[in-house]
Amino acid sequence: MAKKKKKIIKKKKSGKRGRPSKPRKPRFAKIKVQAPKGIHDILPSEQKYWDRVRTIVAQVAANYGFERIDTPIFEDIRLYIKGTGQGTDIVQKEIYSFKTKGGEHLALRPEFTPGIVRAYIEHGMKNLPQPVKLYSIGPVFRHNKPQTGRYRQFHQFNFEIIGDPSEVSDVQIIQVFVTIFKRLNLKKFTLYINSIGCLLCVSKYKKSLLSYYRHRFNRLCPDCKRRFREGSLRLLDCKNEKCKRLAAEAPQILDFLCDECRNHFKKVLEIIDDLEIPYILNPYLVRGLDYYTKTVFEIWEDKEDTSQGSLAGGGRYDNLVEMFKGKSTPAVGAAAGIERLINSLKKQDIKVSESEKPKVFMVQLGELGKRKSLKLFEEFQKKGIKVGEAFSKPSIKSQLKIADKEGAKIALILGQKEALENNIIIRDMTSGVQETISMERVINEVKKRLKK
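The sequence shown lines up with residues 2 to 453 when you count with this note's numbering.
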């Protein structure tokens with residue numbers, strides 16, 4: 002009878018020197034992530050510029066009697082198609098739109114004005130004392146071609162005066178932006194201004210303008226050919242060099258203003274002269290949005306390279322509220338791009354001071370020292386005393402090094418011994434002299450030393 006073969010079971014190989022092998026760590030799929038094209042991060046090193054702009058905008062708004070309004074970053078797309086204009090570049094090429102699961106057709110905010118006008122009507126602001134003066138600050142979205150100074154998500158501050166037909170409101174909007182730029186110490190900028198009149202003026206002007214371009218149609222760029230077919234004043238606003246040369250010879254809208262629009266613009270210029278705000282009259286300035294009437298303006302940085310675009314722009318829009326089925330209401334407003342403004346501040350080498358660093362620095366050692374330091378840190382905050390810290394650092398030497406680098410005048414040292422005895426060491430960072438005092442006295446002692 003044949004013997005059965007024994008089944009040989011191989012032992013798993015162990016690690017070096019007989020130790021069992023370590024279990025392998027689970028592997029994860031790795032992907033490279035970065036910001037989508039045309040958007041940017043605002044890093045901590047940049048925040049001092051943003052804080053400065055936001056602070057000055059808020060201060061100037063308060064001084065001129067404007068109240069803040071925040072509208073959603075997306076709205077019904079019809080708001081922008083109707084308000085901004087079907088034939089504008091914003092609606093034709095730049096707007097970000099999407100449909101929800103419920104079938105709503107929405108769009109990311111490409112500008113502030115239509116949303117603010119919608120809010121004015123929806124919340125019955127016509128019943129408030131007129132005019133209503135509002136300002137906003139936040140992100141807007143356009144599918145621009147990414148380049149220097151142009152992003153797909155960028156930020157603006159926006160000012161509106163709704164409910165006043167007078168020339169004073171036109172000028173006050175201009176004055177607000179000039180004041181903000183001056184408060185930011187921006188040195189080189191120029192105001193360009195024009196009037197495009199009312200609907201009657203524009204109707205007469207368009208006939209003359211289109212007649213001029215009809216004989217030059219083949220020399221226009223593709224965008225301007227589309228604008229010609231739509232009868233758009235944006236023919237005068239094209240950045241193409243050939244189209245710019247054609248626009249320079251086109252009829253001027255100032256020759257077609259009715260008496261009311263001419264008188265309005267004359268008074269605007271007189272008030273600007275009284276305020277001694279320098280300006281250049283540009284008879285071909287029309288702006289890129291369909292809702293403008295009468296006064297339009299732009300503020301540009303004085304420099305040879307104008308690829309960044311204007312720093313601010315706006316004008317009067319007396320028909321927009323009525324266009325959204327509101328009561329006929331005159332209005333004027335403008336917006337400025339914050340990224341472009343900050344870029345100009347940097348190019349003109351305008352220094353922006355950082356927030357004041359704490360003069361007191363908390364230094365801790367050991368578990369008990371850290372816990373008591375955290376509690377003391379909060380007590381200083383309640384008293385309005387700014388205190389620096391490096392709680393993640395374990396050694397006193399590394400913490401004192403940071404305190405010295407940050408320019409602290411006083412270091413508060415709390416180790417295990419001090420924590421047990423309810424004491425704390427106060428160190429003069431200039432002289433190196435140290436003194437141990439009770440924890441109850443430390444806040445008053447720090448206040449006394451800071452006064453010196």
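All residues carry an ideal CB built from backbone N, CA and C; glycine is no exception.
Best match in G367, L187, I414 for proximity to L342 [C-alpha to C-alpha]: The sequence position of residue 342 within the sequence shown is 341, counting from 1. Residue L187 is the option with its Cα nearest to L342.
Euclidean distance between Cα positions of A336 and A313: If you number the sequence shown from 1, residue 336 lands on position 335. If you number the sequence shown from 1, residue 313 lands on position 312. Taking the straight line from one Cα to the other gives about 6 Å.
Top-ranked residue by Cα proximity to V333, from L221, I174, A249: Within the sequence shown, residue 333 is the residue found at index 332, counting from 1. That would be I174, whose Cα lies nearest to the Cα of V333.
Neighbourhood of V54 by C-beta, 6 Å cutoff - its chain only, sequence neighbours within 5 removed: By 1-based counting over the sequence shown, the position of residue 54 is 53. I339.
Bridge partner(s) assigned by DSSP for R217: The residue labelled residue 217 in the question sits at position 216 within the sequence shown. Beta-bridge pairing links R217 to no other residue.
S196 burial status per 10 Å Cβ neighbour count (16 or more: buried): Numbered from 1 along the sequence shown, position 195 holds the residue referred to as residue 196. When all chains shown are included, S196 counts as buried.
K295, buried or exposed, once every other Cβ within 10 Å from all chains shown has been counted against 16: The residue you call residue 295 lines up with position 294 of the sequence shown. Buried is the call here.
Sequence-distant residues of its chain with Cβ nearer than 7 Å to M430 (five each side left out): The residue given as residue 430 occupies position 429 in the sequence shown. For M430, where only same-chain residues beyond five positions count, the Cβ hits under 7 Å are A404, D405, A409, K410, I411, A412.
Same chain, Cβ closer than 8 Å to P252, five either side skipped, listed in chain order: To locate residue 252, count along the sequence shown from 1; it is residue 251. Cβ neighbours of P252 beyond the five flanking positions: Y206, S209, L210, Y213.
Start-end ranges of the alpha helix (DSSP H) lying completely within the stretch 338-407, minimum 4 residues: 339-348, 368-383, 397-406
Inter-residue spacing [alpha-carbon to alpha-carbon] between P115 and I181: Indexing the sequence shown from 1 puts residue 115 at position 114. Indexing the sequence shown from 1 puts residue 181 at position 180. Approximately 23 Å between the Cα atoms of the pair.
Simplified DSSP assignment, three categories, for R317: For the purposes of this step, residue 317 is identified with residue 316 of the sequence shown, where counting begins at 1. In the structure shown, R317 sits in a strand (DSSP, three-state: E or B).
Bridge partner(s) assigned by DSSP for H144: Working through the sequence shown from its first residue, we reach residue 144 at position 143. Note: H144 sits in no beta bridge, so no partner.
Contact check, R110 vs F160, beta carbons under 8 Å: Here residue 110 corresponds to residue number 109 of the sequence shown, with the count starting at 1. Here residue 160 corresponds to residue number 159 of the sequence shown, with the count starting at 1. Cβ distance not < 8 Å, so R110 and F160 don't count as in contact.
One or two residues paired with W51 in a DSSP bridge: Taking the first residue of the sequence shown as position 1, residue 51 is located at position 50. Bridge partners of W51: none, in fact.
Range of the contiguous alpha helix (DSSP H) that encloses L270: What you label residue 270 is simply residue 269 of the sequence shown in a count that begins at 1. Per DSSP, the continuous alpha helix (DSSP H) segment holding L270 begins and ends at 260-275.
Closest Cα partner of E231 within the set L286, E277, D260, D291: Taking the first residue of the sequence shown as 1, we reach residue 231 at position 230. Sorting L286, E277, D260, D291 by C-alpha distance to the C-alpha of E231 places D291 at the top.
Alpha carbon of I273 to alpha carbon of P279, nearest angstrom: Here residue 273 refers to the residue found at position 272 when the sequence shown is read from its first residue. Here residue 279 refers to the residue found at position 278 when the sequence shown is read from its first residue. Roughly 8 Å between the two C-alpha positions.
Buried/exposed call for S170, threshold 16 Cβ in 10 Å: Indexing the sequence shown from 1 puts residue 170 at position 169. Buried, by the Cβ-count rule.
Segment contact, 8 Å Cβ cut-off, at least three pairs: the stretch 412-422 with the stretch 356-372: In the pairwise beta carbon analysis, the stretch 412-422 is classified as touching the stretch 356-372: at least three pairs are separated by under 8 Å.
Range of the contiguous alpha helix (DSSP H) that encloses D171: Counted from its first residue, the sequence shown places residue 171 at position 170. Per DSSP, the unbroken alpha helix (DSSP H) holding D171 starts and ends at 168-184.
Rounded separation between I117 and L421 - CA only: As a working note, residue 117 is residue 116 in the sequence shown. As a working note, residue 421 is residue 420 in the sequence shown. Their backbone Cα atoms lie some 60 Å apart in a straight line.
8 Å Cβ cutoff met for L129 and E68: By one-based count along the sequence shown, residue 129 stands at place 128. By one-based count along the sequence shown, residue 68 stands at place 67. Not a contact, by the Cβ cut-off of 8 Å.
For G334: DSSP bridge partner residues: Locating residue 334 in the sequence shown gives position 333, where the first residue counts as 1. Paired residues: E161, G316.
Nearest to R143 (by Cα), restricted to the options Q154, I254, R228: Your numbering for residue 143 matches position 142 in the sequence shown. Checked all of Q154, I254, R228; the closest Cα to R143 is Q154.
Coarse secondary structure for Q87, derived from DSSP in three states: In the sequence shown, residue 87 corresponds to position 86, counting from 1. Collapsing the DSSP output to three states places Q87 in coil.
Euclidean distance between Cα positions of Q365 and G385: Working through the sequence shown from its first residue, we reach residue 365 at position 364. Working through the sequence shown from its first residue, we reach residue 385 at position 384. Going by the C-alpha atoms only, they are around 21 Å apart.
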